[in-house]
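Colleague: Residue numbers (the numbering used here): -11 to 263. Note that beta-carbon positions come from the ideal geometry of N, C-alpha and C, so glycine has one too. Just so we're clear, the structure is a prediction, and the values are computed from it rather than from any experiment.
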């Protein structure tokens, strides 16, 4: 989930104030590494997200800015079975936002698993929902219920360096397109909340579940679908509509779209769903 609030949360560290405690040293910089905040203070301490619980980030703007509070931090339980060194690769933050009435409410809406958490990602959101690299100190806050957050939890980490094959950034962008069913690559998602999908690749990150109730849906590149066998939500679009409106998909919809065809035409992520 990315609301208008999130699209305004690309910000530079100079626009932030850190209020962790009355004894807090002056904030020198606020960076994001992976899904961790890294706050450098004037006394040379560097505080990680877990040490910033209770801190308030003030996003500069009208009427004094928007205040976002870090209420809690925990490792993603999806990584509990991973080697110990990998378990804090994704930190789930509980964020609250202060309203005009002074009340604090959860920043995030619930995702399919009921979690209302999120994390920062370095970069600046594009209009199509992907995240572009940006200068140091610029980041987005994303929630676990939205495509940007889901793709990180699926294992597609844009900050990583991969040896060979598609870049981590390319995989992340392709995942965002896939999760949102943004077939045309124009930022217009056609999925709906709670729609079951089976995302997979041939790189060892996600494997197909091979549910017999699912059929091959599409293959995706960072620019959108390279072909579509069937649309995910028929009430939102159709193969005919895609073939007519999207030049990239002309002649690439329906039975011609197989996993093999998608791979041969540049797909790096694949999805199965109920036909």
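What number of angstroms, rounded off, separates the C-alpha of residue 225 from the C-alpha of residue 18?
Modeller: Roughly 42 Å between the two C-alpha positions.
Colleague: Determine the DSSP secondary structure at residue 151, reduced to helix, strand or coil.
Modeller: In the structure shown, residue 151 sits in coil (DSSP, three-state: anything other than H, G, I, E or B).
Colleague: So what does residue 103 bridge to, in DSSP terms?
Modeller: Paired residue(s): none; residue 103 is not in a bridge.
Colleague: Report the partner residues of residue 120 according to the DSSP bridge assignment.
Modeller: Answer is 112, bridged to residue 120.
Colleague: Measuring CB to CB, does residue 257 end up less than 8 Å from residue 208?
Modeller: For residue 257 and residue 208, yes; Cβs fall inside 8 Å.
Colleague: Please name the residue, chosen from 117, 191 and 139, that lies closest to residue 152 on a Cα-to-Cα basis.
Modeller: Out of 117, 191 and 139, 191 has the C-alpha closest to the C-alpha of residue 152.
Colleague: Under DSSP, the alpha helix (DSSP H) around residue 141 begins and ends at which residues?
Modeller: Looking at the DSSP string, the run of the alpha helix (DSSP H) that includes residue 141 is 135 to 142.
Colleague: Can you list, in chain order, the residues of its chain whose CB lies under 6 Å from that of residue 62, leaving out five sequence neighbours each side?
Modeller: Closer than 6 Å at the Cβ level, and outside the excluded window around residue 62, lie 80.
Colleague: Quick check: the Cα distance between residue 68 and residue 143, rounded to an integer number of angstroms?
Modeller: Residue 68 and residue 143: Cα-Cα distance of roughly 13 Å.
Colleague: Of the choices 154, 218, 227 and 139, whose alpha-carbon is the least far from that of residue 254?
Modeller: It is 154 whose Cα lies nearest to the Cα of residue 254.
Colleague: In terms of alpha-carbon separation, which member of 245, 70, 92 and 32 lies closest to residue 54?
Modeller: With distances taken between Cα atoms, residue 54 lies closest to 92.
Colleague: Could you check where the beta strand (DSSP E) with residue 58 kicks off and where it finishes?
Modeller: 54 to 63 is the span of the beta strand (DSSP E), which, as asked, contains residue 58.
Colleague: Excluding sequence positions up to five away, which residues of its chain have a Cβ less than 6 Å from the Cβ of residue 180?
Modeller: Taken in chain order, the residues that qualify are 221.
Colleague: Could you tell me which of 261, 235, 71 and 218 sits nearest to residue 244, measuring between CA atoms?
Modeller: Among 261, 235, 71 and 218, the Cα nearest to that of residue 244 is on 218.
Colleague: Please report the straight-line C-alpha distance between residue 170 and residue 141, rounded to a whole angstrom.
Modeller: Their Cα atoms are separated by approximately 19 Å.
Colleague: Under a three-way DSSP split, which group does residue 187 fall into?
Modeller: Residue state, collapsed to three classes: strand.
Colleague: Given 8 Å as the limit, is there contact between the stretch 174 to 189 and the stretch 116 to 128, that is, 3 or more CB pairs closer than that?
Modeller: A contact exists between the stretch 174 to 189 and the stretch 116 to 128.
Colleague: With distance defined between alpha-carbon atoms, name the residue in 260, 158, 22 and 126 nearest to residue 199.
Modeller: Of 260, 158, 22 and 126, the residue nearest in Cα terms is 260.
Colleague: Taking Cβ to Cβ, would you say residue 126 is nearer than 8 Å to residue 111?
Modeller: Cβ distance < 8 Å, so residue 126 and residue 111 count as in contact.
Colleague: How many angstroms separate the CA atom of residue 195 from the CA atom of residue 189?
Modeller: Rounded to whole angstroms, residue 195 to residue 189 spans 6 Å at the Cα level.
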